[in-house]
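Notes for the one structure printed next.
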Amino acid sequence: MNLPFSWLQFLRKRVARPASTGKSQRGIPVWSWFWYILGGLYFVLPLYATLDFSLRMKRDVISLEAYKSAFADPAFLQSFGYSIMLAAITIVVSIVLVVPTAYWIRLKLPEARRPVELITLLPFVVPAIILVFGLIRIYSSPVKLPFTSLVLLNSLTTSRYGTIILIVGGYTVLGLPYMYRSVDTGMRTVDVRTLTEAAQSLGANWYSIMMQIILPNVRAALLSGSLLTFAIVVGEVVLASYLGVPAFGPYLFLLGQHRAFEPAALTFITFLLTWAAMGIIQLITGGQGQGAGAH
Amino acid sequence: MAESALPIAKTKMPHSRARNWLGVVPFFLFAILFLFLPSQRLFVGSFTDEQGHFTLNNIIQLVAQSSILNAYWLSIQISAVTALGGGIFGFLLAYAVTVGGLPKPMRSILITFSGVASNFAGVPLAFAFVATLGRTGFITALFKNVFHWSLYDHGFNLYTFAGLALTYMYFQFPLMVLIMAPALDGLKREWREAAENLGASNTQYWLQVAMPILLPSILGSMILLFGNAFGAYATAYALTGGALPIITIQIGAQIRGDVLHNPGLGYAMAMGMVFIMAISLAGYSWLQGRTERWLR
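First to last, the sequence lines map onto chains X and B.
Residue numbers for the first sequence follow numbering that gives the first Met the number 0, beginning at 0 and rising by one.
Residue numbers for the second sequence follow numbering that gives the first Met the number 0, beginning at 0 and rising by one.
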């Protein structure tokens, strides 16, 4: 802090009491309530409208018909299951990639912090549509060893496993800022260096230090990073549709082209899922909400 | 230059230093494969003509072709409008729950909802707004039945610029709330007390103490919102089906099939976007750095 602190402290002692009573005299904060209610309406109205619409599939009665019809479509379960699988793989890959890196930087390599942090911010500069553009252009043709005709890697966009590798890589990139920041903050609060030294002096090897000491100590951070990744991946549509993956996002989009009520039902369910993920993050991090998004 | 002065200990260092760098090799390898190589391909492609020779023509075409310039301009407009609107509205909300005197639980409700809403985007968001403000949407019907006033007969249309802006606002202002609430918390009570003690009115305190401290943070956050909207694709595509040719939708069309009949121009279009995003992120972090001197 650059302010003359002692001077402020002096003032604070003198005015502390009148200032605090002055605040309570102000009465009901009308404008604060006004903006709050307006914001609340903006939040709630689209959700209420979606719910209301999704319940009106049968004429003149409120019914869950749209939900029944949406769930009855086998393509829904397939695409939704596929997206959950992609989310799970992405979360595992992100954790395997981020946790040892963040740990190693804290422990041995503080000079790598800036470049790594910079990289984790790059997904804000390279939006999903650009990322998928580059991924397709690079990996749709066989990757050759430079200056030779030796094929290192066959085209990834044509095979099933190839597209899974590409999309998981892409999703990991999109979730990187949130996962890295979450884990890094988690490691700041526990003293990884002391923990490591203690474990080493008790004879633990690197594997058990990682699995038994570091991971359990950052589990809250891992959970919140994972839930954010989940929220990004499950409804994601840009990477999924351009890479031609049968995920939930493209399915919902196509459903919206020729149905009315079922998409509304699934939209509401997506919202509930996002809400559940964010609610749990809110619970475990105690109010440090984060913004992400795959717009 | 100073090589002769190297102490003995330092000649030993590079060995263990180099070994330490091995620990972050997987991360950098991943970044190269999934971030740098794709970006580098687009970058090189934007300076290459169809015969594979170096050219600046693609960059010149970006400005020369009015359809591309218009797409950028439309994206910039929608991002600026929603960044400004979302920024002001989000700031007022953050103000209301921090220093505005609302009860504590109101704050956690708002923060949780903001976390959800800033993540609720893309196709579901577009569908939710169709159900709200579409031709048969909830609010459209409400206006018609209660006030006998048709939104759509009076110039409103969800599938236009204004409608898209309203939809973007749904993820824009919550992001502002999430960034500004901690910044407003950082306003020290002592500053207000000091100002009051020196005879400042509430307005004077806000205009001459709080605002100068918060302004870089507010501007920086708005720039971040700008980038947030600028990179958006799915919401706009699901809502308007490509009828509003913003730059991300143009790039999408170029990926699906070479609609420009010039791959290099497509790469240049993507690079132009990355360039604008990079400027906005740099602006954000610069302004954020200026605020942190006071608010930490």
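We treat Cβ as the ideally placed atom computed from N, Cα and C, and that holds for glycine.
Note that the structure is predicted; figures quoted are calculated from it, not measured.
Tell whether a beta-carbon distance below 8 Å holds between residue i and residue j.
i, j, result
"X:S78", "X:A246", "yes"
"B:T131", "X:L44", "yes"
"X:M186", "X:Y81", "no"
"X:S31", "X:A263", "no"
"B:L92", "B:L109", "yes"
"B:T239", "B:L141", "no"
"B:M276", "B:I250", "no"
"B:T111", "X:Q281", "yes"
"B:T81", "B:Y158", "no"
"X:V142", "X:L134", "no"
"X:P99", "X:M209", "yes"
"B:V176", "B:S279", "no"
"B:I217", "B:G85", "no"
"X:I104", "B:L41", "no"
"B:I77", "B:I245", "yes"
"B:A127", "X:T266", "yes"
"X:A69", "X:V233", "no"
"X:S139", "X:S158", "no"
"X:A111", "B:V23", "yes"
"X:E235", "X:A65", "no"
"B:I212", "B:W148", "no"
Which whole-angstrom value is the C-beta distance of residue i and residue j, which I expect to be below 8 Å?
i, j, result
"X:Y241", "X:V131", "5 Å"
"B:L61", "B:G271", "6 Å"
"B:F170", "B:F119", "7 Å"
"B:P215", "B:T290", "5 Å"
"X:G168", "B:F33", "4 Å"
"X:T273", "X:Y170", "That belief does not hold up - the Cβ atoms of X:T273 and X:Y170 are roughly 16 Å apart, past 8 Å."
"X:L108", "B:N19", "5 Å"
"X:M277", "B:V115", "5 Å"
"B:Y232", "X:V237", "5 Å"
Have a look at the options and flag the residue whose alpha-carbon is nearest the alpha-carbon of residue i.
i, options, result
"X:I231", "X:F75, X:I166 and X:V115", "X:I166"
"B:V129", "X:A48, X:Q281, X:I94 and X:L96", "X:A48"
"B:Y283", "B:Y71, B:T111 and B:L224", "B:L224"
"B:H260", "B:Q64, B:F35 and B:L34", "B:Q64"
"X:S93", "X:S154, X:L173 and X:I208", "X:L173"
"B:L101", "X:D190, X:I27, X:P249 and X:L96", "X:I27"
"X:T269", "B:S45, B:Y94, B:F90 and B:V122", "B:V122"
"B:I31", "X:R112, X:L106, X:I137 and X:P99", "X:I137"
"B:F137", "X:D51, X:L121, X:L134 and X:L254", "X:D51"
"X:V217", "X:T228, X:L227, X:V191 and X:T156", "X:V191"
"B:F229", "X:F70, X:Q211, X:V124 and X:T157", "X:V124"
"B:Q50", "B:G263, B:S279, B:L286 and B:W285", "B:G263"
"B:Y327", "B:R289, B:I278, B:F29 and B:I248", "The shown model of chain B, from 0 to 295, leaves out residue 327 of chain B, and the question about it has no answer."
"X:F229", "X:V189, X:F260 and X:Y177", "X:Y177"
"B:V258", "B:S66, B:G22, B:V43 and B:E195", "B:S66"
"B:P25", "X:P73, X:V97 and X:A87", "X:V97"
"X:Q256", "B:A125, B:G85, B:L21 and B:F46", "B:A125"
"B:W281", "B:I59, B:G185, B:P104 and B:G226", "Note that residue 281 of chain B is Ala in the sequence shown, not Trp. B:A281 has its Cα closest to that of B:G226, out of B:I59, B:G185, B:P104 and B:G226."
"X:A239", "X:I213, X:L46, X:T188 and X:I163", "X:I163"
"B:R83", "B:M221, B:A252, B:V273 and B:I245", "With the sequence shown as reference, residue 83 of chain B is identified as Leu, and Arg is not the correct amino acid for it. The shortest Cα separation from B:L83 among B:M221, B:A252, B:V273 and B:I245 belongs to B:M221."
"X:T193", "X:F33, X:L106 and X:E235", "X:L106"
"B:M105", "X:L120, X:L46, X:L85 and X:G39", "X:G39"
"X:F75", "X:A111, X:L254, X:A275 and X:L271", "X:L254"
"B:T47", "B:F29, B:K143 and B:G265", "B:G265"
"X:F42", "B:W285, B:L165, B:Y232 and B:Q207", "B:L165"
"X:L37", "B:G133, B:A231 and B:A95", "B:A95"
"X:T284", "B:S107, B:Q39 and B:S117", "B:S107"
"X:P122", "X:P73, X:V150 and X:L175", "X:L175"
"X:R258", "X:D72, X:L214 and X:V189", "X:D72"
What does residue i reach in chain D if we use C-beta pairs closer than 7 Å?
i, result
"X:A203", "Of the protein chains in the structure, X and B, none is chain D."
**Request:** Mind the definition here: the stretch 171-188 of chain B touches the stretch 141-160 of chain B only if three or more C-beta pairs lie below 8 Å; say whether that holds.
**Result:** no
**Item:** Cβ pair count under 8 Å reaching 3, the stretch 178-194 of chain X against the stretch 218-228 of chain X
**Value:** yes
**Item:** Inter-stretch contact (C-beta, 8 Å, three-pair minimum) for the stretch 186-204 of chain B and the stretch 193-211 of chain X
**Value:** Contact fails: fewer than three Cβ-Cβ distances are below 8 Å.
**Asked** Can you give, in chain order, each stretch of the beta strand (DSSP E) that sits fully within the stretch 88-154 of chain X and has at least 3 residues?
**Response** For the stretch 88-154 of chain X, whole beta strand (DSSP E) runs of length 3 or above, ordered along the chain, are 150-152.
**Message:** To test your reading of the DSSP string, which unbroken beta strand (DSSP E) runs of 3 or more residues are found completely within the stretch 217-261 of chain X?
**Reply:** Those beta strand (DSSP E) runs which fall completely within the stretch 217-261 of chain X and span 3+ residues do not exist here.
**Message:** Which runs of the beta strand (DSSP E) at least 3 residues long sit entirely within the stretch 69-93 of chain B? Give them in chain order.
**Reply:** none
**Request:** Kindly confirm or deny that the stretch 107-117 of chain X and the stretch 246-255 of chain X touch, where touching means at least three C-beta pairs closer than 8 Å.
**Result:** no
**Request:** Only counting runs of 3 or more residues, tell me where the beta strand (DSSP E) segments fall wholly within the stretch 173-219 of chain X, in order along the chain.
**Result:** At a cut-off of 3 residues, not a single continuous stretch assigned as beta strand (DSSP E) sits fully inside the stretch 173-219 of chain X.
**Request:** Could you pull out every unbroken alpha helix (DSSP H) segment of at least 4 residues lying fully inside the stretch 178-251 of chain B, listed in chain order?
**Result:** 188-196, 201-204, 210-229 and 233-239
**Asked** Considering only residues of the stretch 8-56 of chain B, which uninterrupted alpha helix (DSSP H) runs meet the minimum length of 4 residues and lie entirely inside it, listed in chain order?
**Response** 24-30 and 36-44
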